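This report refers to the structure that appears directly beneath it.
2 protein chains.
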Amino acid sequence: MGFMLLKSESPHGARAGELVTPHGMVPTPVFMPVGSQATVKTLAPDDLRAIGAKMVLANNYHLYLRPGIEVIEKMGGLHKFMGWDGAILTDSGGYQVFSLSPLRRITDEGVSFRSHIDGREHFLSPELAVQYQESLGADVIMVLDECPPHDESEPEVREAVDRTHRWAEKCRKAHRRAGQALYAIVKGGVYPELRKQSAEYLTALDFEGYAIGGLSIGEPKSATLSMLETTVPLLPENKPRYLMGVGSPEDIVEGVARGIDMFDCALPTRTARNGALLTWEGRRNIDNAVFTEMEAPLMPGCNCYTCRSFSAAYLHHLFKAKELLAYRLATIHNLSFMQSLMERIRNAVLDGTFAEFRKEFRARYKPTDEAVRVTQKQKWLKSKRG
Amino acid sequence: MGFMLLKSESPHGARAGELVTPHGMVPTPVFMPVGSQATVKTLAPDDLRAIGAKMVLANNYHLYLRPGIEVIEKMGGLHKFMGWDGAILTDSGGYQVFSLSPLRRITDEGVSFRSHIDGREHFLSPELAVQYQESLGADVIMVLDECPPHDESEPEVREAVDRTHRWAEKCRKAHRRAGQALYAIVKGGVYPELRKQSAEYLTALDFEGYAIGGLSIGEPKSATLSMLETTVPLLPENKPRYLMGVGSPEDIVEGVARGIDMFDCALPTRTARNGALLTWEGRRNIDNAVFTEMEAPLMPGCNCYTCRSFSAAYLHHLFKAKELLAYRLATIHNLSFMQSLMERIRNAVLDGTFAEFRKEFRARYKPTDEAVRVTQKQKWLKSKRG
Chain A
1 MGFMLLKSES
11 PHGARAGELV
21 TPHGMVPTPV
31 FMPVGSQATV
41 KTLAPDDLRA
51 IGAKMVLANN
61 YHLYLRPGIE
71 VIEKMGGLHK
81 FMGWDGAILT
91 DSGGYQVFSL
101 SPLRRITDEG
111 VSFRSHIDGR
121 EHFLSPELAV
131 QYQESLGADV
141 IMVLDECPPH
151 DESEPEVREA
161 VDRTHRWAEK
171 CRKAHRRAGQ
181 ALYAIVKGGV
191 YPELRKQSAE
201 YLTALDFEGY
211 AIGGLSIGEP
221 KSATLSMLET
231 TVPLLPENKP
241 RYLMGVGSPE
251 DIVEGVARGI
261 DMFDCALPTR
271 TARNGALLTW
281 EGRRNIDNAV
291 FTEMEAPLMP
301 GCNCYTCRSF
311 SAAYLHHLFK
321 AKELLAYRLA
331 TIHNLSFMQS
341 LMERIRNAVL
351 DGTFAEFRKE
361 FRARYKPTDE
371 AVRVTQKQKW
381 LKSKRG
Chain B
1001 MGFMLLKSES
1011 PHGARAGELV
1021 TPHGMVPTPV
1031 FMPVGSQATV
1041 KTLAPDDLRA
1051 IGAKMVLANN
1061 YHLYLRPGIE
1071 VIEKMGGLHK
1081 FMGWDGAILT
1091 DSGGYQVFSL
1101 SPLRRITDEG
1111 VSFRSHIDGR
1121 EHFLSPELAV
1131 QYQESLGADV
1141 IMVLDECPPH
1151 DESEPEVREA
1161 VDRTHRWAEK
1171 CRKAHRRAGQ
1181 ALYAIVKGGV
1191 YPELRKQSAE
1201 YLTALDFEGY
1211 AIGGLSIGEP
1221 KSATLSMLET
1231 TVPLLPENKP
1241 RYLMGVGSPE
1251 DIVEGVARGI
1261 DMFDCALPTR
1271 TARNGALLTW
1281 EGRRNIDNAV
1291 FTEMEAPLMP
1301 GCNCYTCRSF
1311 SAAYLHHLFK
1321 AKELLAYRLA
1331 TIHNLSFMQS
1341 LMERIRNAVL
1351 DGTFAEFRKE
1361 FRARYKPTDE
1371 AVRVTQKQKW
1381 LKSKRG
């Protein structure tokens, strides 16, 4: 178990490695599809295998509320429950408590919150977050963190950072399960001094991996990248670095360029269900009339099941008719695209050509306007809070 | 091309045969999953192959409205468009015009109707129904029929029967496509005399197959079976007999017992999406709390992907969480069940043990109460009419 660094472009630049888990080796940089409720939305485990995914994300908050930790434990753990024999990382649920629950009360002991499903009150502590994630049995688990909004003032962010540090220590003490890695989460919002303190504090505690949390949650993209540049150099070189909740293809390339090894984001799967399909030129909206009679696949040359089997016209028809097959086929394509992206990135790092890859990618890939992207994320968060 | 009768239990009883189509041999009795909009809801073609389906249903009305016949023709025909290389039967759309369109005007020339999607007016004639179905390129196509409600009076049903006969002749004259079979539809509601006249009239025109239409649309089940007993003996022995829109497992067993070779129905796929899963004991509602911690598959011994891969508890969780994967896994199970049912029926007929099979099936399978069934269908039709 552990992390093996195979190649680094430069001390704080792009790198390629291998994450060894009880459920197989995961080549890094890796993008983890999001399966919060013990399913990557629309996909079965054999779809994920066909795509080439090696590691997926699940969520302690969602699974605690439904079906309940005890149910999954009785069913033999999360891998068996969802029929997935690859690696799994569970988030502690900190972010979900703070973004989905309509009401919260935070103390040093933990956080009281109301379920977004039925409004009932629950309590999550650092110790319980670890205990639940041990019961789920993921390969990598996360400490509980406090997640203030991106526009919170420095004193309030500092308070949250300090509490997250105390919680991280409690998590580390509570963690028992052999073979399961526990990662810390570096916080500090958009405040460089806080980010530095957090990285140094947590590094001294010697976790098995380091996540960077509280980014890409509405702050300007320049701030995200600047925080990465502040934080990454302070993290140990021989440990995996995980940028939580990122991201879009363009953000991932920039994250890798700044030394990140692991990513997760609902974007490729969520936008797939909205008909926004990823190509090397950027996102394409399959609802567009241009696809009505397009006999070619959505992305010629793509080796995914969707592009190998169907015309863009058929995909367009399924979306227009709101047929459920549409959402699965689009998800298969977007996750296959992410898988190809990560493979190209990794090969470029190993070949020492990542800088060229990045340049070519940026020249070709037209990202969605940032304002649109942020608005979409905020609308989504708001709808979840609603 | 054609139909080969392999074995008959008795002159008008259960039989087993082979339907030879340009897209392979279809063993009969056969249940055809419904894929009105060029997709069996939630499933991709490789799911259908894994289930063992050999023939599916698509619908001229739905495909004419969306994406349009011309689009599918340009994309190389319906098989290529939907990626399905097995056999396809298209219904003419008669039933849909009469059940889905909010407004209709019928003459001997055809029927004017409004789209249930956008309210625009369209016109369908017997000749156009054939022309469109030739363009789609299904293996078997249907004549256009007028479809009065099940409680229509005899004079009105007679008028519809006579018009359907005139339309059938027009369809026969218009039909050109080699290798494609055209089936007639015997009508007559719940009136034995009309059913007899219709069977005799259409048999004299020598179609390649005979459907029985206008049954199981709300009339009592005893009337459905009695109409079958009246009609089937008047149909040619060497032609396939297709009971349209039927049905549930229990109705199919009774249909086979009365000499039917082909069935189609949205019930197994629609109820799957509502969480009603088929077992040899009857339907089970996966939402039921009894499944919360059931580690066994929904139907132990079932060889479908769903039962081989997942516990009933996982399926229960997916339905509770409204995860899209739920609907696909449930559909795979229900269609696999239908496939097993048809295989068992056919083997029993070939072995000369169908009577025993039927008896055992009826002793074990607890059908849903008929009143519930009819109410569900009427509610559904009403919701479609909106």
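Chain order of the listed sequences is A and B.
Note that my numbering has the first sequence beginning at 1, numbered continuously upward.
Note that my numbering has the second sequence beginning at 1001, numbered continuously upward.
C-beta: ideal position from N, C-alpha, C; glycine also.
Values in this document were obtained by computation on a predicted structure and should not be read as measured data.
Keeping to the same chain, check which residues put their C-beta closer than 8 Å to that of residue i; ignore five residues upstream and five downstream.
i, result
"Glu1156/B", "Pro1148"
"Glu1070/B", "Ser1135"
"Phe319/A", "Gly275, Ile286, Asp287, Ala326, Ala330"
"Glu356/A", "Ala348"
Identify whether residue i lies in helix, strand or coil by the three-state DSSP scheme.
i, result
"Lys170/A", "helix"
"Glu219/A", "coil"
"Leu267/A", "helix"
"Pro27/A", "strand"
"Val246/A", "coil"
"Val1034/B", "strand"
"His1122/B", "strand"
"Ala16/A", "strand"
"Val40/A", "coil"
"Thr1021/B", "strand"
What residue from the options has the CA that sits closest to residue i's CA?
i, options, result
"His1122/B", "Val1097/B, Val1140/B, Asp1145/B", "Val1097/B"
"Tyr132/A", "Leu57/A, Tyr61/A, Ser226/A, Pro22/A", "Tyr61/A"
"Tyr1305/B", "Leu1019/B, Met1032/B, Glu1009/B, Arg1049/B", "Arg1049/B"
"Phe361/A", "Glu250/A, Leu335/A, Gly255/A, Ala321/A", "Glu250/A"
"Tyr1095/B", "Val1040/B, Ala1160/B, Ala1087/B", "Ala1160/B"
"Pro1240/B", "Leu1225/B, Ala1223/B, Arg1258/B, Gly1247/B", "Arg1258/B"
"Gly1255/B", "Pro1268/B, Leu1225/B, Leu1267/B, Ser1153/B", "Leu1225/B"
"Ser153/A", "Ile117/A, Leu194/A, Ile51/A", "Leu194/A"
"Ala326/A", "Lys187/A, Leu144/A, Leu315/A", "Leu315/A"
"Met1342/B", "Leu1019/B, Phe1031/B, Pro1022/B", "Phe1031/B"
"Pro1126/B", "Val1143/B, Lys1041/B, Arg1066/B", "Val1143/B"
"Leu89/A", "Arg104/A, Gly119/A, Val140/A", "Val140/A"
"Ala1289/B", "Pro67/A, Gly301/A, Val26/A", "Pro67/A"
I want to verify the contact list: residues of chain D whose CB lies under 7 Å from the CB of residue i, in sequence order.
i, result
"Gln37/A", "Any reference to chain D falls outside this structure, whose protein chains are A and B."
Let's see if you can read the secondary structure: which residues bound the beta strand (DSSP E) around residue i?
i, result
"Asn334/A", "No beta strand (DSSP E) holds Asn334/A; the alpha helix (DSSP H) holding it covers 324-351."
"Tyr1132/B", "Tyr1132/B -> not in any beta strand (DSSP E); alpha helix (DSSP H) instead, spanning 1126-1136."
"Leu1144/B", "Leu1144/B -> no beta strand (DSSP E), and no H or E assigned at all."
In chain order, what residues of the same chain lie with their CB nearer than 6 Å to the CB of residue i, ignoring the 5 residues before and after it?
i, result
"Met1299/B", "Thr1279, Cys1307"
"Met75/A", "Phe81"
"Gly1083/B", "Pro1045"
"Gly1188/B", "Val1161, Leu1194, Arg1195, Ser1198"
"Lys322/A", "none"
Identify, in the order they occur along the chain, each residue of the same chain with its Cβ nearer than 7 Å to the Cβ of residue i, setting aside the five sequence neighbours on each side.
i, result
"Leu1205/B", "Ala1168, Glu1169, Arg1172, Ala1184"
"Val349/A", "Lys7, Glu9, Ala14, Arg15, Ala16"
"Lys366/A", "Glu281, Gly282"
"Asn285/A", "Gly275, Ala276"
"Gly1393/B", "Not covered by the structure: residue 1393/B. The range shown for chain B is 1001 to 1386."
"Ser1311/B", "Met1294, Glu1295, Ala1296, Pro1297"
"Tyr1201/B", "His1165"
"Gly1386/B", "Residue placement at Gly1386/B is flagged as unreliable, the pLDDT there being 41, under the threshold of 50; the coordinate-derived value follows with that caveat. None."
"Thr39/A", "Met82"
"Tyr191/A", "Glu154, Val157"
"Gly1024/B", "Lys1054, Gly1086, Ala1087"
Note the first and the last residue of the continuous alpha helix (DSSP H) segment covering residue i.
i, result
"Gly255/A", "249-257"
"Ile1072/B", "1069-1074"
"Lys7/A", "No alpha helix (DSSP H) contains Lys7/A, which is instead part of the beta strand (DSSP E) from 2-8."
"Tyr242/A", "Taken as a continuous stretch (DSSP letters only), Tyr242/A belongs to no alpha helix (DSSP H), being part of the beta strand (DSSP E) at 241-243."
"Leu1063/B", "1060-1065"
"Asp1046/B", "1045-1051"
"Ala1363/B", "1354-1364"
"His1175/B", "Note, His1175/B: premise wrong, no alpha helix (DSSP H); not H, not E."
"His79/A", "78-82"
Below 8 Å, is the gap between the Cβ of residue i and the nearest heavy atom of the ligand HEM?
i, result
"Val56/A", "By its list of ligands, the structure shown contains no ligand whatsoever, and the ligand HEM lies outside what it can speak to."
Item to check | Complete alpha helix (DSSP H) runs within the segment 1273-1321 of chain B (minimum length 4 residues, chain order) | outcome: Counting whole runs of 4 or more residues, the segment 1273-1321 of chain B contains the alpha helix (DSSP H) stretches 1305-1309, 1312-1320.
Next on the checklist: Suppose only complete runs of 4+ residues qualify. What are the alpha helix (DSSP H) ranges in the segment 1187-1239 of chain B, listed by chain order?
Outcome noted: The segment 1187-1239 of chain B contains these whole alpha helix (DSSP H) runs: 1192-1204, 1221-1231.
Checklist entry - Which residue spans inside the segment 1086-1112 of chain B form an unbroken alpha helix (DSSP H) run of at least 4? => result Within the segment 1086-1112 of chain B, the complete alpha helix (DSSP H) runs of at least 4 residues are 1094-1100.
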